[in-house]
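Read the structure below first, then the notes.
Chains as they are written, first to last, in my numbering: chain A, 95 to 512; chain B, 52 to 631.
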């Protein structure tokens with residue numbers, strides 16, 4: 095221990111560089127080559143191992159320079175103590191710095207680190223937010239396949255046409271599944287777990303099927319039909335409306351883009367904002383912008399499809415249905431599965447009820463049941479029913495999304511690379 | 052006696068951390084029954100299965116800590132709780148966050164540490180009670196409400212600067228981490244037939260396992276024994292060093308510090324594995340009177356033969372045994388060896404000193420390091436031969452256990468005249484204990500628990516000092532008598548302090564002491580709901596198991612009921628069969 099007194103005695107300055115240090119170390123070590131059968135006495139070769147370089151009167155300062163990063167980063171003395179110990183410092187080494195143990199040494203170091211309110215270096219998340227080719231292709235697939243199938247149907251007749259229709263439907267369904275499994279529309283990015291709300295899927299199928307078949311059926315039913323299954327012929331009594339189907343499948347791509355844009359921007363805002371309120375305020379316009387963007391894209395695609403297919407466009411019901419499906423997906427991928435499922439069910443039920451009441455009105459003494467639907471049909475046409483049902487549901491979901499998607503916790507964990 | 056053994060990522064799993072120690076403990080204490088409550092750390096661990104369990108393990112209950120992503124549907128929509136439960140949650144969580152922000156600055160709580168500790172404990176137990184009564188705590192901890200509460204606490208006046216600077220991602224990170232750390236609160240173990248039925252909880256590590264014991268103590272008054280071979284708080288500091296922002300680290304450090312302090316405060320006995328762990332525990336507020344150092348036990352059997360035959364050692368051979376990684380500082384060892392050869396050059400007979408490095412690399416980093424060391428050895432020491440016609444070889448050899456030169460660990464130690472340990476960082480040096488058990492003289496660096504382990508039975512030099520290492524080695528190589536003396540002393544010391552038997556015996560004694568000092572207060576109610584007097588007789592807690600049916604002796608003509616075992620309280624009727 096008598097070496098302790100000599101600790102801050104100025105040492106003979108030697109040249110800089112490794113050799114000098116090596117020399118100093120070797121020179122010191124001659125004294126410390128544990129000859130005794132017990133532990134080497136603390137204090138020997140003090141400066142050789144951890145201590146001051148030549149001429150340092152303040153060994154702790156040298157130690158601090160040596161572990162500067164650790165000291166600057168530390169949030170409390172124990173962190174410095176843990177770090178020092180991980181570098182092999184023991185209580186006996188600490189004794190050379192005139193401290194009882196590593197803890198008190200760490201406390202001194204913690205207290206001496208300048209903390210002059212400099213903005214702490216924050217790790218900037220460099221998450222890769224660029225879109226990736228695989229999901230872009232995957233989201234383009236359903237629309238392409240649907241268009242191809244429709245073109246094929248246009249060119250074929252009879253049995254081949256039936257087969258083609260079946261194959262096409264299957265292909266589009268599979269492509270949709272692929273588009274929704276991964277990428278910005280996928281729910282299971284980087285996290286295993288149960289696929290949320292599988293119960294909503296039949297209702298989505300129903301809604302889409304209604305968009306294709308429903309208006310024709312309703313029209314037909316109002317005039318006493320239907321007398322047979324839809325044939326797909328233009329002059330049949332139960333006409334099909336293909337445009338919504340084509341537009342909606344094509345809209346997978348803009349939906350994915352919008353969702354991607356929303357997630358990426360929201361994450362950016364998340365890292366930038368200081369408070370939850372601030373974050374919510376900045377996400378609200380973003381959500382509205384995303385939604386509008388998608389609707390605009392859908393409108394464009396709808397016009398395009400109508401022009402290509404040469405079919406009644408049915409814009410209002412397609413737009414509302416697209417909006418409903420997009421919002422439901424957006425909520426689902428952010429973890430809110432309950433409300434979308436409820437509202438999709440409600441919309442589908444409303445449409446089914448309209449149809450059912452119309453048919454029920456034909457039963458004896460039940461004329462009253464059919465009156466509301468009939469009135470709607472007479473006033474605004476068959477498109478009014480899906481428009482009303484989907485529109486109301488989409489509006490409700492939009493309001494819901496404004497409450498839920500502006501929460502920070504909805505975006506916190508969606509940062510896995512797709 | 053029924054011991055609830057609480058482990059985290061450990062015992063019954065094949066790849067567990069402390070499984071060897073726990074297994075020896077359980078097998079060593081045949082007279083007790085063990086209920087193992089295991090928290091698993093990863094899916095892989097669960098898939099690997101359990102090690103074979105002895106019959107004294109009555110049942111095993113496991114719970115995962117890793118189901119990272121819970122049903123977000125519940126989380127997101129926040130429908131898990133009713134209005135009252137939500138308010139209760141917000142209150143408790145707010146208290147918790149408040150304490151963390153108050154204590155994050157470290158010195159801020161110096162004026163009223165006890166009050167702050169109480170506040171933390173109340174918040175923690177409040178959450179635990181909420182989880183026990185209402186369930187669904189995971190969802191609540193992940194909800195926006197929790198993040199909002201955290202934000203309020205961070206922005207509150209008096210919160211330290213680091214907490215004030217917390218941004219939204221930081222808040223989310225803290226909330227997520229707290230949710231993970233508080234997962235033991237949501238377990239269904241805190242029931243009368245679960246942890247309520249054990250006489251003593253023995254947590255095999257701090258952190259989550261000890262938190263489970265803490266709650267058992269809170270709900271049922273079960274005494275808690277905490278064994279820590281490595282201090283959880285310290286590993287948290289080392290692990291948390293990466294990436295996250297200062298706000299996150301300060302809040303989490305405050306949480307883990309407070310949790311450790313509460314565990315140490317409530318535990319009836321704490322057994323650190325070495326003096327280093329003990330110092331950390333004292334530092335975190337553990338009462339000295341509760342601390343009892345219990346050294347980990349090593350199986351002395353494989354080393355007995357080598358230990359009893361010092362003549363097996365080759366006189367001029369240095370041996371290093373261990374896992375090859377950078378912290379072992381083999382480079383320094385090689386330089387020291389060069390120095391040794393330099394020093395011994397002038398000796399009569401020019402002894403051929405050899406260095407055997409026995410060990411496998413640990414991971415990719417270790418493999419790189421091993422390659423580096425091989426290159427260095429080849430550069431430093433040219434191959435040398437006995438005479439002009441013999442084939443030469445290198446004085447430094449790199450081997451692995453299981454190879455032709457060292458079929459077993461004991462063989463590796465056996466050939467060495469001196470065993471060298473050159474680490475710069477070391478926890479509890481197992482290799483050193485093995486060398487001691489083999490009765491070999493050792494030269495080690497002064498790191499970790501080395502000095503404590505070696506006592507006076509080997510040489511210790513400062514780390515990163517090849518010269519000192521070399522001189523110590525030469526001193527021993529030149530003096531066979533001293534070598535033998537030191538080796539014998541080391542073996543004696545190791546046999547006294549570091550055997551499985553002493554470890555098991557120590558725990559046996561501690562169990563009995565704890566149960567005799569603070570037994571579980573059990574009240575048995577009769578049919579009408581009144582407490583039943585003398586329902587739990589004193590002998591219900593005799594140390595050990597009831598006498599076996601085979602050895603039951605009844606006086607001839609004595610009453611037949613005397614043959615049955617004494618009455619156990621109905622509460623603690625064991626639910627046999629492993630419930631997974």
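We put the beta carbon where it would ideally sit given N, CA and C, even for glycine.
- Taking all protein chains shown into account, residue 460/A has fewer than 16 neighbouring C-beta atoms within 10 Å of its C-beta and is therefore exposed.
- Residue pairing of residue 54/B in beta bridges, as defined by DSSP: 85/B and 251/B.
- If you compare the alpha carbons of 493/A, 455/A and 448/A with that of residue 476/A, the shortest gap goes to 448/A.
- Taking C-beta separations shorter than 7 Å and ignoring five residues to either side along the sequence, the partners of residue 367/A in its chain run 373 and 376, following chain order.
- When DSSP states are grouped into helix, strand and coil, residue 449/B belongs to the strand group.
- Runs of the alpha helix (DSSP H) lying entirely within the region 347-384 of chain B and spanning at least 4 residues, in chain order: 352-359.
- DSSP, reduced to helix, strand and coil, places residue 462/A within a helical segment of the structure shown.
- At least 8 Å separates the CB of residue 202/A from every CB of chain B.
- As computed with DSSP, residue 321/B is found in a beta bridge with 277/B and 342/B.
- Near chain B, meaning a CB-to-CB distance below 9 Å, no residue of the region 225-251 of chain A qualifies.
- Interface with chain A (8 Å Cβ-Cβ cutoff): residue 285/B is included.
- Taking 8 Å as the CB threshold, residue 490/A stays off the interface with chain B.
- Straight-line spacing of the CA atoms in residue 494/A and residue 485/A works out to 14 Å.
- By the Cβ criterion, the region 471-483 of chain B is in contact with the region 378-386 of chain B, since at least three pairs of Cβ atoms, one from each stretch, lie closer than 8 Å.
- Positions of the beta strand (DSSP E) runs, each at least 3 residues long and wholly inside the region 436-487 of chain B, are given as 447-450 and 469-472 in order along the chain.
- Straight across, the Cα-Cα distance linking residue 135/B with residue 181/B is about 11 Å.
- Nearest CB-CB separation between residue 493/B and chain A: not below the 8 Å threshold.
- In the assembly as shown, residue 251/A is an exposed residue. Its beta-carbon has fewer than 16 other beta-carbons within 10 Å.
- Taking 4 residues as the shortest admissible run, the region 512-595 of chain B contains the following complete alpha helix (DSSP H) segments, listed from N- to C-terminal end: 517-528, 531-548 and 551-568.
- Assigned with DSSP and collapsed to three states, residue 190/A falls in coil, not helix or strand.
- In the three-state scheme derived from DSSP, where H, G and I count as helix and E and B as strand, residue 150/B is classed as helix.
- A straight-line Cα-Cα distance of about 59 Å links residue 414/A and residue 102/B.
- At a Cβ-Cβ threshold of 8 Å, residue 361/A and residue 195/B do not count as neighbours.
- Under the DSSP assignment, residue 108/B falls in the beta strand (DSSP E) whose first and last residues are 108-115.
- Each residue's CA atom was taken as its position, placing residue 173/B and residue 315/B some 16 Å apart.
- About 4 Å separates the beta carbon of residue 55/B from that of residue 249/B, a gap short enough to meet the 8 Å contact definition.
- The contact set of residue 197/A on chain B, defined by CB atoms closer than 8 Å, consists of 330 and 334 in chain order.
- Contact between residue 565/B and residue 251/B holds: CB atoms are separated by about 6 Å, below the 8 Å threshold.
- In the three-state reduction of the DSSP assignment, residue 376/A falls in the helix class, which pools H, G and I.
- Using a Cβ distance threshold of 8 Å, residue 168/A and residue 233/A do not count as a contacting pair.
- In terms of Cα proximity to residue 80/B, the closest of 552/B, 259/B, 572/B and 453/B is 552/B.
- Of all residues in the region 261-281 of chain A, none comes within less than 8 Å of chain B when Cβ atoms are compared.
- Apart from the 5 residues on each side of it in sequence, residue 177/B sits with its Cβ closer than 8 Å to the Cβ of 139, 142, 143 and 146 in its chain, given in chain order.
- By the CB criterion at 8 Å, residue 514/B and residue 177/A fall outside the cutoff.
- According to the DSSP assignment, residue 404/B belongs to no beta strand (DSSP E), since it is labelled neither H nor E.
- Of all residues in the region 72-97 of chain B, none is placed with a Cβ closer than 8 Å to any Cβ belonging to chain A.
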